[in-house]
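**Q** Structure below; questions to follow.
So, in structure tokens, the structure goes:
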């Protein structure tokens, strides 16, 4: 998979690379792998800390998983998560790409525009969500004011309307992340070879054709990288849900990690929480691995 | 940065595109601009329809109040220490690991790669109790080191550096090997120099992430001498008994992020430029 | 080259920072570590922790102890108290003042306050600490309703022995307002002491009422009609007569149920959702928007914005916590009225308490628990409780507090505070049951579906009852 496959000569199994990755492995093993392994182990046991007779773990095999997959509330969580992921990732990546195109020009003050697009990344999610809580206020929240200015006359109860609640947290996530992805696209655009474009111009290709036939394919590696990061981030960030909707109304904005939180810290059901963790990890791992395999297979 | 014709927008209606850019940028910045304005609004003047921007006068009372409600001075110091500590160790580990994965072929490489990548995928929630216990056993409870140490290995950083290193042309590397460079020299003279922008790029995202991290520091520290800014901020965003005190809240938030913003403003050009050469093609 | 120096710089930076992080703490810290982690420190730590010391020396220490030097009198004790901050008041400073006074009176006890955010964060922190093998604080303020959850995980100790050891323990307990003590007992034992308590009230704009020729409502009927009359449409915006937030609905909803004749909670194992009176209360909420057009339809996620909206005149009435009183007084330029909810029948009223109590933790050693009790006694003294109440907006929790000079004059100056206090006589018990989080989430789920019109009130409450009973079953056999 690497374009450089060098081995220090005269050794069949090089020791050096292992030494180089050793520090990282140690920290990851201690603070990530160990807790996850513990979690996965615990997921096969029944353990509920707030019921005396269930405080000590008892082995139940796949019982927790069965309980989850037959629970309509969990299935609702899964569908919310899918919607959230599908709603935020393509949108924020597309916006990031658009921004990159817009600011990839020599223009006075373009730095200011870059700053404007990128700055949300610098805010804590809790603060960003709190500001948006105000923006979503019915009647005078700035978001609603702007929508009404553009002719929108629909519901404004972003946090209380079950059809809008999930969308509201998606909006916050997109606002926060698009600028971050813009940066990587900017890098990609800057490093594109000019000869291909010159050839295309000579061939009389239109701007639109150039975009789709040349620019986007050449940015594939960047896009794959961003999709991986965005996918993981979509699963991992829930601070804004705590602030804006608390997972509601009626669990309409409860996603996987939020459910995990509830089960672990509110319901104290260690076994089911561990099962949720395991599912969480498996989903992300499968996605990341397949992403890599697919992208690395095609060598640009 | 030149205006090469590969940009679709450069050709079509440049003036319109410029306008569009700045309009969208302005819109994108509205939330924070509002927060800035609201933070100078007197606390006794609530938001109401048609009156959400400036109050009757500008005042610093919210900042003074926010500053007095939590020991922000100490928190600033702690945050800076933690963030820099994390970053400096991370820069070392990610460079070495990225180099190993990009340059060498060794048994178990892919497995180890995904093992490290796991770190990006685990939610903090799942890690709280086990990591707490590990930290206690290391005797590090309630220290700034405790906040930092779980992040010393960085999967994201390793990923980024590996990408950057992979983009170094083969001929350069081969030339180095032929010249008899040791791995150390290869790393320092061939791989790292063009990848410094990637290091800087990573540094920016690491600083932003750890500056704003909230739950783990809250749980692993007890005393103000170790706690970072976010724990102070939480005193304003979790006021469950009362309604929102927007002026106070925005003032506290801006106090927390101001150094980051200012640093970013100052170094913006260099940061963006360095991002532009991270070797992601 | 530039890069070598870059790396050199980084290495130097690393070493410098590790040293800084070790030394930069203002007070010398036994647990603060430099580059070399832990091997030497770990045994020391675990020893201190594990030792259950008998009544005399050596002093038992919490992990990051700021311990007065060892040459003190015997039985030097340090306790940690975890406080949530849920109001916009300088709680930290106020409490530190009390702690200083306390430490002056009990020089062998050191109290370390720890502020960890809101109730939820404090609870999470304590949970993580205990589960991660750490020492819990001796004392914490947590929600009054957390009682059964805390007992179920075996975190807390009953307080009857402490109360009995007081000069007049019974009088002490009797002195607390009954509404507040109602969440402290289980199994004939007392487990918590009220500290920062609040209640649900209805705030209204007395000027708007006067202008419209209306009296403060005395029944559901007059309440709905007043709200309807005070709903004004200006162009395309509606100034609703009533804002009634429902994105965390159980607390603000309870007085409706109580006012209808049936509280939603009977005891720790019995919740009452599927009851005609409760269903009527749900329907009343729905009717307020649907029939009377007096408030926004559906679930209102307006808890943060309701007080500013009342203050700015965007609405005439809101349902909120007594904790918002001082903020409202600060922002309103009209006469602010405070009253309990009207009940269904004419002349009846309803409210429900809220807020946090002191709990003593089982995992702390006996000396710490004893010291914690002393602190509770000290801080709940009438003068201190009055001072706390006046400065934070929490309600006086004891009758003798009301009788102190400070409180008496405060209540005279601020009649709204008196009204808030008066509302308590109509209070029922706050929702607290076994498996509280799950039961509450179930209730929220169905209540919100009813409010949003996704289910009828009858169906919603029936479903809620069924699921809640199932959730309670493993806890209540």
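Chains as they are written, first to last, in the working numbering: chain H, -16 to 283; chain X, 980 to 1260; chain F, 17 to 493.
Ideal Cβ placement from N, Cα and C applies to all residues, glycine included.
1. Would you say the beta carbon of residue 421 (chain F) is closer than 7 angstroms to some non-hydrogen atom of the ligand NAP?
2. Could you run through the stretch 457 to 468 of chain F and flag, in chain order, every residue whose CB is less than 9 angstroms away from some CB of chain H?
3. From the beta carbon of residue 1111 (chain X), is the nearest beta carbon of chain F less than 8 angstroms away?
4. Considering just the uninterrupted stretch of the alpha helix (DSSP H) at residue 34 (chain H), what are its terminal residues?
5. Once DSSP output is grouped into helix, strand and coil, what is the label at residue 125 (chain F)?
6. According to a CB-to-CB cut-off of less than 8 angstroms, which residues of the stretch 255 to 277 of chain F neighbour chain H?
7. State the DSSP-derived secondary structure class of residue 192 (chain F), mapped to helix, strand or coil.
8. In the DSSP output, which residue or residues are listed as bridge partners for residue 209 (chain F)?
9. Please identify the residue among F:438, F:265, F:120 and F:140 whose C-alpha is closest to the C-alpha of residue 247 (chain H).
10. Closer than 9 angstroms between beta carbons: that is the criterion. Which residues of the stretch 367 to 390 of chain F meet it against chain X?
11. At least one CB of chain H closer than 8 angstroms to the CB of residue 1198 (chain X): is that the case?
12. Tell me the rounded alpha-carbon separation between residue 1175 (chain X) and residue 164 (chain H).
13. Note down the Cα distance separating residue 386 (chain F) from residue 1140 (chain X), rounded to an integer number of angstroms.
14. Leaving aside the five residues before and after residue 175 (chain F) along the sequence, list all residues of the same chain whose C-beta is less than 6 angstroms from its C-beta, in chain order.
15. Taking C-alpha atoms, which residue in H:49, H:0 and H:113 lies nearest to residue 1077 (chain X)?
16. Taking only beta-carbon atoms, is residue 163 (chain H) less than 8 angstroms away from chain F?
17. Determine, using beta carbons only, whether residue 1104 (chain X) comes closer than 8 angstroms to chain H.
18. For chain H, check one thing: does any of its Cβ atoms lie closer than 8 angstroms to the Cβ of residue 1058 (chain X)?
19. Which of the residues in the stretch 1035 to 1048 of chain X, read from start to end, lie with their CB under 9 angstroms from any CB of chain F?
20. Of the residues that make up the stretch 32 to 55 of chain H, which ones have a beta carbon closer than 9 angstroms to any beta carbon in chain F?
21. Out of curiosity, what's the CA-to-CA distance linking residue 153 (chain H) and residue 112 (chain H)?
22. Alpha carbon to alpha carbon, how far is residue 161 (chain F) from residue 245 (chain H)?
23. Quick check: is the beta carbon of residue 1216 (chain X) nearer than 8 angstroms to any beta carbon in chain H?
24. Select from the stretch 1012 to 1038 of chain X all residues with a C-beta closer than 8 angstroms to any C-beta belonging to chain A, and list them in chain order.
25. Using a Cβ-Cβ cutoff of less than 7 angstroms, which residues in the same chain neighbour residue 67 (chain H) once the five nearest sequence positions on both sides are dropped?
26. Quick one, are the C-beta atoms of residue 109 (chain H) and residue 226 (chain H) less than 8 angstroms apart?
27. Compare the C-alpha of residue 419 (chain F) against each of F:403, F:324, F:245 and F:432 and name the closest.
28. Taking a Cβ distance cut-off of 8 angstroms, strictly less, list which residues of the stretch 243 to 255 of chain H are near chain F, in chain order.
29. Could you round the C-beta distance between residue 114 (chain H) and residue 1014 (chain X) to whole angstroms and report it? I think they count as a contact, below 8 angstroms.
30. Tell me, which residues are paired with residue 414 (chain F) by DSSP?
31. Roughly how many whole angstroms lie between the Cα atoms of residue 979 (chain X) and residue 1185 (chain X)?
32. Any C-beta of chain X sitting closer than 8 angstroms to the C-beta of residue 140 (chain H)?
33. For the stretch 10 to 23 of chain H against the stretch 1101 to 1114 of chain X, are there 3 or more C-beta pairs whose distance is under 8 angstroms?
34. For residue 1092 (chain X), I'd like the list of residues in its chain whose CB is within less than 7 angstroms of its CB, leaving aside the five on either flank, ordered along the chain.
35. With DSSP run on the structure shown, which of helix, strand or coil describes residue 369 (chain F)?
36. In three-state DSSP terms, what is residue 358 (chain F)?
**A** Once the coordinates are examined:
1. Here there are no bound small molecules, and the ligand NAP is not part of this structure.
2. Hits within the stretch, in order: 457, 460, 461, 462, 463, 464, 465, 467 and 468.
3. The residue you call residue 1111 (chain X) lines up with position 132 of the second chain. Output row for residue 1111 (chain X): interface = yes.
4. As a first step, residue 34 (chain H) is located in the first chain; it is residue number 51 there, counting from the start. Careful: residue 34 (chain H) lies outside any alpha helix (DSSP H) and carries neither H nor E.
5. As a working note, residue 125 (chain F) is residue 109 in the third chain. Reduced to three states, the DSSP call for residue 125 (chain F) is strand.
6. Per Cβ criterion, the list reads 262, 263 and 264.
7. The sequence position of residue 192 (chain F) within the third chain is 176, counting from 1. Collapsing the DSSP output to three states places residue 192 (chain F) in a strand.
8. Within the third chain, the letter at position 193 stands for residue 209 (chain F). Residue pairing by DSSP places residue 209 (chain F) opposite F:374 in a beta bridge.
9. Position 264 of the first chain, counting from 1, holds the residue named residue 247 (chain H). It is F:140 whose Cα lies nearest to the Cα of residue 247 (chain H).
10. Residues are counted here when their Cβ sits less than 9 angstroms from a Cβ of chain X; for the stretch 367 to 390 of chain F these are 370 and 371, given in chain order.
11. Taking the second chain and counting its residues from 1, the one referred to as residue 1198 (chain X) is at position 219. At a cut-off of 8 angstroms between beta carbons, residue 1198 (chain X) makes no contact with chain H.
12. Counting from 1 along the second chain, the entry for residue 1175 (chain X) is found at position 196. Counting from 1 along the first chain, the entry for residue 164 (chain H) is found at position 181. Roughly 20 angstroms separates the two Cα atoms.
13. One-based indexing of the third chain puts residue 386 (chain F) at position 370. One-based indexing of the second chain puts residue 1140 (chain X) at position 161. Each residue's Cα considered, the two are about 56 angstroms apart.
14. For the purposes of this step, residue 175 (chain F) is identified with residue 159 of the third chain, where counting begins at 1. The residues are 206.
15. On the second chain, position 98 is the one that residue 1077 (chain X) refers to. It is H:0 whose Cα lies nearest to the Cα of residue 1077 (chain X).
16. Start at 1 with the first residue of the first chain, and residue 163 (chain H) comes out as number 180. Residue 163 (chain H) is outside the set of residues whose beta carbon lies under 8 angstroms from a beta carbon in chain F.
17. Along the second chain, read from residue 1 onward, the residue named residue 1104 (chain X) stands at position 125. It does; some Cβ of chain H falls within 8 angstroms.
18. Here residue 1058 (chain X) corresponds to residue number 79 of the second chain, with the count starting at 1. Output row for residue 1058 (chain X): interface = no.
19. Here the close residues are 1044, 1047 and 1048.
20. Listed by position along the chain: 32, 33, 34, 35, 36, 37 and 38.
21. Position 170 of the first chain, counted from the start, is the residue given in the question as residue 153 (chain H). Position 129 of the first chain, counted from the start, is the residue given in the question as residue 112 (chain H). If you draw a straight line from the Cα of residue 153 (chain H) to the Cα of residue 112 (chain H), it is about 11 angstroms long.
22. Translated into positions along the third chain, residue 161 (chain F) becomes position 145. Translated into positions along the first chain, residue 245 (chain H) becomes position 262. Rounded to the nearest whole angstrom, the C-alpha separation of residue 161 (chain F) and residue 245 (chain H) is 17 angstroms.
23. In the second chain, residue 1216 (chain X) corresponds to position 237, counting from 1. Interface criterion met: the Cβ of residue 1216 (chain X) is under 8 angstroms from a Cβ in chain H.
24. Protein chains H, X and F are contained in the structure displayed, whereas chain A is not.
25. In the first chain, residue 67 (chain H) corresponds to position 84, counting from 1. Only residues of its own chain outside the window of five on either side were considered, and among them 149, 153, 217 and 238 have a CB closer than 7 angstroms to the CB of residue 67 (chain H), listed in chain order.
26. Your numbering for residue 109 (chain H) matches position 126 in the first chain. Your numbering for residue 226 (chain H) matches position 243 in the first chain. In this structure, residue 109 (chain H) sits near residue 226 (chain H), with a CB-CB distance shorter than 8 angstroms.
27. Residue numbering aside, residue 419 (chain F) sits at position 403 when the third chain is read from its first letter. From the listed residues F:403, F:324, F:245 and F:432, the smallest Cα separation to residue 419 (chain F) is found for F:403.
28. Within the stretch 243 to 255 of chain H, the residues whose Cβ lies closer than 8 angstroms to any Cβ of chain F are, in chain order, 245, 248, 249, 250 and 251.
29. For the purposes of this step, residue 114 (chain H) is identified with residue 131 of the first chain, where counting begins at 1. For the purposes of this step, residue 1014 (chain X) is identified with residue 35 of the second chain, where counting begins at 1. Under the criterion of beta carbons closer than 8 angstroms, residue 114 (chain H) and residue 1014 (chain X) qualify as touching, at roughly 5 angstroms.
30. Here residue 414 (chain F) is taken as the residue at index 398 of the third chain, counted from 1. The partner list for residue 414 (chain F) (beta bridge, DSSP) reads F:192.
31. Since the first residue of chain X shown is 980 and the last is 1260, residue 979 (chain X) is not available in this structure.
32. Within the first chain, numbered from 1, the residue matching residue 140 (chain H) stands at position 157. Chain X contact via Cβ: absent.
33. Taking a cut-off of 8 angstroms on C-beta distances, the stretch 10 to 23 of chain H touches the stretch 1101 to 1114 of chain X, as three or more cross pairs fall below it.
34. Looking up residue 1092 (chain X) in the second chain gives position 113. 1080.
35. For this step, residue 369 (chain F) is matched to residue 353 along the third chain. Looking at residue 369 (chain F) - three-state DSSP - the assignment turns out to be strand.
36. Taking the first residue of the third chain as 1, we reach residue 358 (chain F) at position 342. In this structure, residue 358 (chain F) counts as strand in the three-state DSSP scheme.
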